[in-house]
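Beneath this line is the structure, given in structure tokens, with notes to follow.
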Amino acid sequence: MRQLNKMINLSSKRFTFSLLCAITFLLIFSACSGTDYQTVSEFNIRVGMPINDVKKLYPDSKFQSESPNQFGLCSSGEDGISVYRNDSLLFYFWKDWERDQVGGFILFDSNQAYQGVHPGMTVSDFLRIHPNAVGTISLMDSKEYLFVPSNDDWYQVESTLDDLSANYKMVEGEYEFLEFRDLEKRISSIFVK
Numbered sequence: 029m030r031q032l033n034k035m036i037n038l039s040s041k042r043f044t045f046s047l048l049c050a051i052t053f054l055l056i057f058s059a060c061s062g063t064d065y066q067t068v069s070e071f072n073i074r075v076g077m078p079i080n081d082v083k084k085l086y087p088d089s090k091f092q093s094e095s096p097n098q099f100g101l102c103s104s105g106e107d108g109i110s111v112y113r114n115d116s117l118l119f120y121f122w123k124d125w126e127r128d129q130v131g132g133f134i135l136f137d138s139n140q141a142y143q144g145v146h147p148g149m150t151v152s153d154f155l156r157i158h159p160n161a162v163g164t165i166s167l168m169d170s171k172e173y174l175f176v177p178s179n180d181d182w183y184q185v186e187s188t189l190d191d192l193s194a195n196y197k198m199v200e201g202e203y204e205f206l207e208f209r210d211l212e213k214r215i216s217s218i219f220v221k
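My numbering numbers the first residue of the sequence shown as 29 and each following residue consecutively.
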């Protein structure tokens, strides 16, 4: 009986030790990986999609007319449409000039990805998907963007002029990208036209 108690006690200690090791591994892994553990689905709105189809895809959302100026866009005189769910801005889009279709959009929702990239993603994770991206600073609004030349999309970075994700130099009144330096900065929005 004593031998059995020793074996049970030893097994219990081994199980507890194994459980602690597993929990420690998971905590270290999740802290060290740059990936957020959230459910991210592919954004289902595309340039050229009819506006009525957008409304059908988001029946439980609020569609509100808003000026493009508040999103750093030049105004053509016509407002775009912001789409909200539970008071949270999901995305903003504007109409094609000639048709009742999406002309372009800005994605803000961190639970939706556009071509594998989502708001909230680190610059490091972004560069794994788009290794040829370069940084740029808009002279209009002084915001930092990542630009992917192959698809003409822009990804705004959460940064300030005092704390950028990349190094730049001024050349003839414009910022010239040199190299990335702070890969933990996060993407705040995706601009597609």
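Think of the CB as a built atom: it goes at the ideal place given N, C-alpha and C, for glycine as much as any other residue.
Query                                                                                                                                                                        : Result
Within 9 Å (strictly less), CB to CB, does D153 reach chain B?                                                                                                               : Among the protein chains of the structure shown there is no chain B, as only one such chain exists.
Do the region 116-125 and the region 146-162 touch if we need at least three Cβ pairs shorter than 8 Å?                                                                      : no
Report the CB separation of G144 from V75 in whole angstroms; it is logged as a contact under 8 Å.                                                                           : Incorrect: roughly 17 Å between the Cβ atoms, too far for contact.
Looking at the secondary structure, which residues open and close the alpha helix (DSSP H) in which L155 lies?                                                               : 151-157
Between D181, G201, K171, which has its C-alpha nearest D191's C-alpha?                                                                                                      : K171
Tell me whether F99 sits in a helix, a strand or coil according to DSSP, three-state version.                                                                                : helix
With 16 other CB atoms within 10 Å as the buried threshold, where does P147 fall?                                                                                            : buried
Leaving aside the five residues before and after F175 along the sequence, list all residues of the same chain whose C-beta is less than 7 Å from its C-beta, in chain order. : A161, V162, T164, W182
With DSSP run on the structure shown, which of helix, strand or coil describes N179?                                                                                         : coil
In the DSSP assignment, find the unbroken alpha helix (DSSP H) run with N80 in it and report its ends.                                                                       : 79-85
Excluding the five sequence neighbours on either side, which residues of its own chain have a C-beta within less than 6 Å of the C-beta of S217, listed in chain order?      : I134, F136, P147, Q184
For K90, collect the residues of the same chain with a Cβ closer than 6 Å to its Cβ; drop the 5 residues on either side in sequence, then sort them by chain order.          : Y112
Return yes when the Cβ of N139 is within less than 9 Å of the Cβ of V220, no when it is not.                                                                                 : no
For G108 versus M168, is the C-beta spacing smaller than 9 Å?                                                                                                                : no
Just to confirm before moving on: does the CB-CB distance between T150 and E212 stay below 9 Å?                                                                              : yes
List the residues that DSSP assigns as beta-bridge partners of T164.                                                                                                         : Y173
Bridge partners of L135, per DSSP?                                                                                                                                           : F119, I218
Answer with buried or exposed for V25, where buried requires no fewer than 16 other C-beta atoms within 10 angstroms of its C-beta.                                          : Summary: the structure shown does not reach residue 25, with the chain confined to residues 29 through 221, and so no result is reported for it.
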